[in-house]
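> For what it's worth, our numbering labels the leading residue of the sequence shown as 1332, then goes sequentially.
Just passing along the structure, written as structure tokens.
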Amino acid sequence: MEFHQKHLLGIEQLSPVEILTVLDTAESMAEISTREVKKVPTLRGKIILNLFFEASTRTRSSFELAAKRLSADIVNFSQTTSAVVKGESLKDTVLTLEAMNPDALVIRHSASGAARYLTTFCRSHVINAGDGSHEHPTQALLDAYTIRQEKKSFKGLKVVITGDILHSRVARSNIFCLQKLGARVVLCGPPTLLPDEFKSFGPDISYDFDRALEDADVVMMLRIQLERMQKNFFPSLREYRNLYCLTPERFQRANKNAIIMHPGPINRGVEISADMADSAKSVILKQVENGVSVRMAVLYLLLGGKDREAAD
Ligand code: CP
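Printed below as a string of structure tokens:
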């Protein structure tokens, strides 16, 4: 078992072996969720704070379930019901909560770099649950876990990630993760949402979704993040749909055993048609299910795994 991190801030800092350690650990965690009593005492006595300064359904609830399955105590913090609405800063909020002696802070924030910022003044383990447009490491880890479950190996796989790449922390984390594991990543979207700077990360770039889909093994669709757009990045949703929506006709261009992924939440009828989202090729709900095992693995490796003293 090789995992030498105190925090999980991004995939960029992880070695391929560390990523595989998370996936292997998640595989052994998955069995716990199938038991009648879905709980083991591994993290009994540990306290985890779920600090969500941005909305979440999947990440927040799966971190909570993951902590509970490992018998850790978890406290949920919501920005809207906290003293943040009275003007308390991020630093003062976190210092206040850390004074209650948690062991780990799970943070989602709209500012890129927020998770790293916490490590400059916190003593707890910090886990990035999505920071602005920067990274969403546990999403990429659960995506890789799901791909390995379906495809067995990453070597030579063609993974096409399509949509609002510019604003996507999921895309950034998946580029790092899948390339480190040996897959070929193709990014696709309109040029306004797929700037040249992404070439420096190593993936192929395509603005033509029909061509990009040819021979794809994994088709990962991303949500159009209208809430992060300060200007118009395409003429209309109708035009976007015509060029980049995953439909049954388009999907025929991919390999016959290709799978469909989406981190959620989905805009049905915008980036993916309803029948594609619900089709037998879709592993979208498996991604959600696997998120619990992967987050159990992350909590275990940071808080209870071997070699913790060395990392601390
Ligand atoms: N994929 C993802 O991060 O979903 P949530 O925003 O619901 O957590």
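Yeah, the Cβ is synthetic: ideal placement off N, Cα and C, and Gly gets one too.
(1) Closer than 7 Å between the C-beta and any heavy atom of the ligand CP: which residues qualify, listed along the chain?
(2) Report all residues from its chain with a CB closer than 8 Å to the CB of Y1538; omit the five preceding and five following residues, and keep chain order.
(3) Looking at the structure shown, is L1509 part of a helix, part of a strand, or coil, going by DSSP?
(4) What is the DSSP secondary structure of T1578, counted as helix, strand or coil?
(5) Quick check on L1426: buried or exposed, where buried means 16 or more other Cβ atoms within 10 Å of its Cβ?
(6) Going by other Cβ atoms of all chains shown within 10 Å of its Cβ, with 16 needed for buried, is F1384 buried or exposed?
(7) For the stretch 1457-1470 against the stretch 1410-1417, are there 3 or more C-beta pairs whose distance is under 8 Å?
(8) Under a three-way DSSP split, which group does M1592 fall into?
(9) Check V1416 in the structure and name its three-state DSSP category.
(10) With respect to the beta strand (DSSP E) encompassing L1345, which residues constitute its N-terminal and C-terminal limits?
(11) Measure the CB-CB distance between V1623 and A1397 and report whether it falls below 7 Å.
(12) With DSSP run on the structure shown, which of helix, strand or coil describes M1627?
(13) Count the C-beta pairs between the stretch 1374-1394 and the stretch 1487-1506 that are closer than 8 Å, then say yes if the count reaches three, no if not.
(14) Between the Cα of G1287 and those of P1347, I1363 and S1420, spot the shortest distance and give me the residue it belongs to.
Let me lay it out:
(1) A1386, S1387, T1388, R1389, T1390, R1391, G1461, H1467, Q1470, V1501, P1594, G1595 and P1596
(2) These residues qualify, in order along the chain: C1519, G1520, P1521, P1522 and L1525.
(3) helix
(4) The three-state reading of DSSP puts T1578 in coil, since its state is none of H, G, I, E or B.
(5) exposed
(6) buried
(7) no
(8) strand
(9) helix
(10) That residue, L1345, is in no beta strand (DSSP E); it is neither H nor E in DSSP.
(11) yes
(12) Here M1627 sits in helix by DSSP.
(13) Taking 8 Å as the limit for Cβ pairs, the verdict is that the stretch 1487-1506 does not touch the stretch 1374-1394.
(14) Here the chain covers residues 1332 to 1643 and nothing more, so residue 1287 does not appear.
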